[in-house]
Amino acid sequence: MSPTTDAAQGGHRLVIVESPAKAKTIKSYLGPGYVVEASVGHIRDLPNGAAEVPEKYTGEVRRLGVDVEHDFQPVYVVNSDKKSQVKKLKDLLVGADELLLATDEDREGEAIAWHLQEVLKPKVPVRRMVFHEITKDAIQAAVRNPRELNQRLVDAQETRRILDRLYGYEVSPVLWKKVMPKLSAGRVQSVATRLVVERERERIAFTSAEYWDLTGTFATGRAGDAVDPGTFAARLTSVDGRRIAQGRDFGSTGRLKDGAPVLHLDESAARALAAALADSTFAVRSVESKPYRRSPYAPFRTTTLQQEASRKLGFGAKATMQVAQKLYENGFITYMRTDSTTLSETAIKAARAQVTQLYGADYLPDKPRTYTGKVKNAQEAHEAIRPSGDRFRTPAETRLTGDQFRLYELIWMRTVASQMKDAVGQSVTVKVAGRAADGREAEFSASGKIITFHGFMKAYVEGADDPNAELDDRERRLPQVTEGDALTADEIDADGHATKPPARYTEASLVKELEEREIGRPSTYAAILGTILDRGYVFKKGTALVPSFLSFAVVGLLEKHFGRLVDYDFTARMEDDLDRIARGEAQSVPWLRRFYFGETRGAVPAAVTGGAAEAGNGDGDHLGGLKELVTDLGAIDAREVSSFPVADGIVLRVGRYGPYVEQTVEGEETSRRADVPDELPPDELTVELARELLDKPSGDFELGVDPATGRQIVAKDGRYGPYVTEILPDDTPKTGKNAVKPRTASLLKSMTLDTVTLEDALKLMSLPRVVGADPESGDEITAQNGRYGPYLKKGADSRSIGSEEQLFTITLEEALAIYAQPKQRGRAAAKPPLKELGTDPVSEKPVVVKDGRFGPYVTDGETNATLRRDDDVETITPERGYELLADKRAKAPVKKTAKKAPAKKAPAKKAPAKTAAKKTAAKKTATTATAKKTAAKKTTASKPSE
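Take the sequence shown: its position 8, counting from 1, is numbered 8 in the UniProt record's numbering, and each next residue is one higher.
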């Protein structure tokens, strides 16, 4: 029975959820008497620009969508693409006995429910239906136990929304004026960008240091086997009691940290010591054995799931949440936006039952394990992310495939492992001593680990951000030795090392950093990462997040002129205040007033001052709010905030069309400039590279005068590659009906700026070249150079030709011969792959890099993903290829079910003249409406981000 049929009968209960997939699943659990429909996300929000604001609002209200002068009253509008859905919901509400708002049980879900109630204005009882998993038992229990709308959560979410609107709409225009149009600022996005920029600054300031040590391979004299290897490697730790310097002893300047009582070996000293120890005798100085115990990891919450999916599956945060959303809506896992590591009693029983079934009673602890949340202000009403139901389905039982299978398997393994016994074993440290020929005493050390009972590690071992880190289940066996045992040195090798700059953030490590600093909400991190990537503030190099030069300019401006707004502690305290509002401990309007307008000291909250609340000092000092900060922009030097010194006389500047280096020479009126590649990581712009870019052929190269026109021909290096063009006279009209455009042509692949000649340029600008006319049809055949290479064109028929040189040499006979061949339909013959990457862990098919129409891409034969601008064919890793494919799969649209063709209708009767006139009027109305929509889009094209 369809929802519409149910509604027509009356006496039904209308249940509204967010998504159609969730509605379909829940409907199957409720049956007759219930109509389940989706709101399809938010139905109402702040306007996206002045064009969406009702005409009665003017001034600042029209610009911001918030009436800051009247208690920050928001202006809400029904989204244009949701109006038909709102009408449908209103129609379904007619005749209903009760309205159940079943949106997600978090602040955003509570706000969506409130907006639905405000817009639908129901005259029947309204209840909140809440659940953490979409199973039959959970849904039926939720229907039996509804609650009232939580207005405190609504207020907290509304305050957060208004705060982000004010921040974005007030600060973003500053960036437009002082850096570049169409940029955006945001309360959390700007702080996240600052973290990435600060890490890159550390890398730029870093100076590598070299240090050496020794590695010895020692033998016990016994034959080795799996239990007692007989030989082992140990690293030099001290000489005459002085500890050998390691990487941790050096600062970012490349020098030893002050007061470090260590011996710094260089290459010559290390090799000399190795030679002096070559014929020495060695003995075991000590053997220290300690019990090893490792407890299982807590079940997943939002951020730990994002981090582990990044490490193990190569998923970005956004892709992880998209896949998790599908698993939740289809009833496979519990709600995926949670700060909690708590498992319900039902879940604990299910996990313990599965431990016994799959691993045996020996792996089950006597008592259930409980986990305490470490996240401040966590929403503990939710459970951890786990398989749904009172009995967990094994991954094989789900019949899931691809990314959904892999993510479900990860969640299932982690949940089951959380209820297993500890792993136990022994960790051993062996110290070896020997005396060199010159009398110095050297001590070596080796550590080992033996796991005697793997416990939870049978089910799950957590990954690591550092690819070189030792995983928990990795064993290192050492020989059975005792103090005083004699050893022989098979080899003593000198090893050189260099300190490394701090690693760039990955999506996983940036999420971890934001959470540890208590900045933003875990449920929003995926969106934040998506924003800073989409805005061009950050790009990926492999899995590393690299800040663009543009982000350096933006962060530099915000730090210097809006320091409080990107201060880490300030942002965290704002989050605290929003949580206080959610708990009913603070009021929304006074807090927003202090944040926006400021206040005289003495009653200013920590979230506004940037520090602890201050007592009044009696002199009426005023602390400015956001409005005051963005009012006076005269002190901001646009050129200064976008300029970064590289060396004496060389500066990197962020211009409207991208970054470039500029060199000024004393005594010269003009400066030299050179574009900097957009994909160049900032820490790689060295003085040497800057000079190399400046010394490259650039600017305007005068090639000579076109004898036919008398115009100067020049070669230039543009942002899209080198090209030739002509210089028009100053009085040539450049706009209007009589405008003249200069002839321009890109250089062929075989040409360079320093070799192109006037003859080459004139040939290039002669294109398209007329080859001749087809004697049969009379159509003109031309040779042209296009985006996808050289080709012939005859009317609407285009044919590719073999090389760029043929553009100038191909004859009519050769062209006619090409056209005499049948036109190739579909794809051309497959090109050999550019690189083979291995087998995709999802599709289990070989992944290769191919060259396509739009550039190189990775494919497993089913899914294609274009390489990003920071990916290089030569250096791309298999893991990066799998990640691109995973992202593409996550973004793939859901296939729509084909609709039945409508029944054929009888031919319509001819409309009378009056009806035809009405149709004409309707067309005019539609045209006017389209024009209005177009105008509205133009108005909002450069709207700031929140």
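Quick reminder that beta carbons are idealized off the backbone N, C-alpha and C, glycines included.
Practice task
Go to K541, then tell me how far its alpha helix (DSSP H) extends in each direction, as first and last residue.
Solution key: Unbroken run through K541 is the beta strand (DSSP E), 538 to 541; no alpha helix (DSSP H).
Handout entry: Reduced DSSP category for K290 - H, G, I as helix; E, B as strand; rest coil
Key = Residue state, collapsed to three classes: strand.
Practice task
Reducing DSSP to helix, strand and coil, say where R435 ends up.
Solution key: Assigned with DSSP and collapsed to three states, R435 falls in strand.
Practice task
Select from E780, A276, Y723, K318 the residue whose C-alpha is nearest the C-alpha of A796.
Solution key: For A796, the nearest C-alpha among the options comes from E780.
Problem - For L592, the first and last residue of its enclosing alpha helix (DSSP H) - result: Counting along the chain, L592 sits inside the alpha helix (DSSP H) bounded by residues 588 to 597.
Handout entry: Unbroken beta strand (DSSP E) run spanning S445, endpoints
Key = Boundaries of the beta strand (DSSP E) around S445: 441 to 453.
Exercise for the section: Could you name the residues that DSSP lists as bridge partners for Y34? Expected result: Paired residue(s): R13.
Handout entry: Assigned secondary structure, V126 (DSSP; H/G/I helix, E/B strand, else coil)
Key = Of the three classes helix, strand and coil, the one that applies to V126 here is strand, per DSSP.
Exercise for the section: Could you spell out the range, first to last residue, of the beta strand (DSSP E) harbouring I818? Expected result: Where I818 is concerned, there is no enclosing beta strand (DSSP E), although the alpha helix (DSSP H) it sits in stretches over 812 to 820.
Practice task
Kindly examine the ligand HEM and report whether one of its heavy atoms sits closer than 7 angstroms to the Cβ of D97.
Solution key: Ligands displayed in this structure: none; no statement on the ligand HEM is therefore possible.
Handout entry: At least three beta-carbon pairs within less than 8 angstroms, the region 132 to 151 to the region 99 to 113
Key = Taking 8 angstroms as the limit for Cβ pairs, the verdict is that the region 99 to 113 does touch the region 132 to 151.
Exercise for the section: Determine the DSSP secondary structure at Q85, reduced to helix, strand or coil. Expected result: Note: Q85 maps to helix in three-state DSSP.
Handout entry: Neighbourhood of I204 by C-beta, 6 angstroms cutoff - its chain only, sequence neighbours within 5 removed
Key = For I204, where only same-chain residues beyond five positions count, the Cβ hits under 6 angstroms are D683.
Exercise for the section: Scan the region 257 to 318 and note each continuous alpha helix (DSSP H) run of 4 residues or more that stays entirely inside, going in chain order. Expected result: Listed in chain order, the alpha helix (DSSP H) elements of length 4 or more contained wholly in the region 257 to 318 are 267 to 277, 302 to 313.
Exercise for the section: Inspect the CB distances between the region 437 to 447 and the region 404 to 413 and report whether three or more fall short of 8 angstroms. Expected result: With fewer than three CB-CB distances shorter than 8 angstroms, the region 437 to 447 does not count as touching the region 404 to 413.
Problem - Span of the alpha helix (DSSP H), counted from its first residue to its last, around K794 - result: Unbroken run through K794 is the beta strand (DSSP E), 789 to 794; no alpha helix (DSSP H).
Exercise for the section: Within the same chain, show all residues whose beta-carbon is closer than 6 angstroms to that of R880, passing over the 5 residues directly before and after it, in chain order. Expected result: Here the set comprises G542.
Practice task
Could you tell me if P659 is buried or exposed, where buried requires 16 or more neighbouring beta carbons within 10 angstroms of its beta carbon?
Solution key: So P659 ends up on the buried side.
Handout entry: T220 burial status per 10 Å Cβ neighbour count (16 or more: buried)
Key = Classification for T220: buried.
Practice task
Output the distance between the C-alpha atoms of P299 and R673, rounded to the nearest integer angstrom.
Solution key: It is roughly 55 angstroms from the alpha-carbon of P299 to the alpha-carbon of R673.
Practice task
Can you give me the start and stop residues for the beta strand (DSSP E) that F644 sits inside?
Solution key: That run of the beta strand (DSSP E) goes 643 to 647.
Handout entry: E308 beta carbon less than 8 angstroms from that of E462
Key = Closer than 8 angstroms, so yes.
Handout entry: Length-filtered (4 minimum) alpha helix (DSSP H) runs lying within the region 129 to 188
Key = Whole alpha helix (DSSP H) segments, 4+ residues: 136 to 144, 151 to 178.
Exercise for the section: With DSSP as the reference, label L120 as helix, strand or coil. Expected result: Helix.
Exercise for the section: Tell whether a beta-carbon distance below 8 angstroms holds between P846 and E836. Expected result: Yes, the Cβ-Cβ distance between P846 and E836 is below 8 angstroms.
Problem - Contact check, V196 vs Y505, beta carbons under 8 angstroms - result: Here V196 is near Y505, since their CB atoms are less than 8 angstroms apart.
Handout entry: Sequence-distant residues of its chain with Cβ nearer than 8 angstroms to R583 (five each side left out)
Key = If we look at R583 and ignore the five residues flanking it on each side, its Cβ neighbours are R152.
Handout entry: Selection from V40, V428, D678 that minimises the alpha carbon distance to A538
Key = The sequence shown places Val at residue 538, rather than the Ala named in the question. Comparing Cα positions, the closest option is D678.
Practice task
Would you kindly work out how many angstroms separate the C-alpha atoms of A23 and R13, rounded to a whole number?
Solution key: Going by the C-alpha atoms only, they are around 14 angstroms apart.
Problem - Beta-carbon proximity list for R517, same chain, < 7 angstroms, skipping 5 on both sides - result: Here R517 has Y568, A572 as same chain residues with Cβ atoms under 7 angstroms from its own Cβ, once five neighbours each way along the sequence are excluded.
Practice task
Could you tell me if V358 is buried or exposed, where buried requires 16 or more neighbouring beta carbons within 10 angstroms of its beta carbon?
Solution key: Val is not the amino acid found at residue 358; the sequence shown has Leu there. Its Cβ having fewer than 16 others within 10 Å, L358 is exposed.
Problem - Start-to-end residues for the beta strand (DSSP E) that takes in L545 - result: Per DSSP, the unbroken beta strand (DSSP E) holding L545 starts and ends at 544 to 547.
Practice task
State yes or no: is the C-beta of I16 within less than 8 angstroms of the C-beta of L89?
Solution key: In this structure, L89 lies closer than 8 angstroms to I16 by Cβ.
Problem - Residues that DSSP places opposite Q663 in a beta bridge - result: According to DSSP, which records beta bridges pairwise, Q663 is partnered with I650, R672.
Handout entry: Coil, strand or helix - P722 by DSSP
Key = If DSSP states are grouped into helix, strand and coil, P722 belongs with the strands.
Exercise for the section: Closer than 8 angstroms by C-beta to E18: which residues in its own chain qualify, once you throw out the five before and the five after it? Chain order, please. Expected result: Only A38, S39, V40, G41, T103, D104, G109, I112 meet the Cβ criterion.
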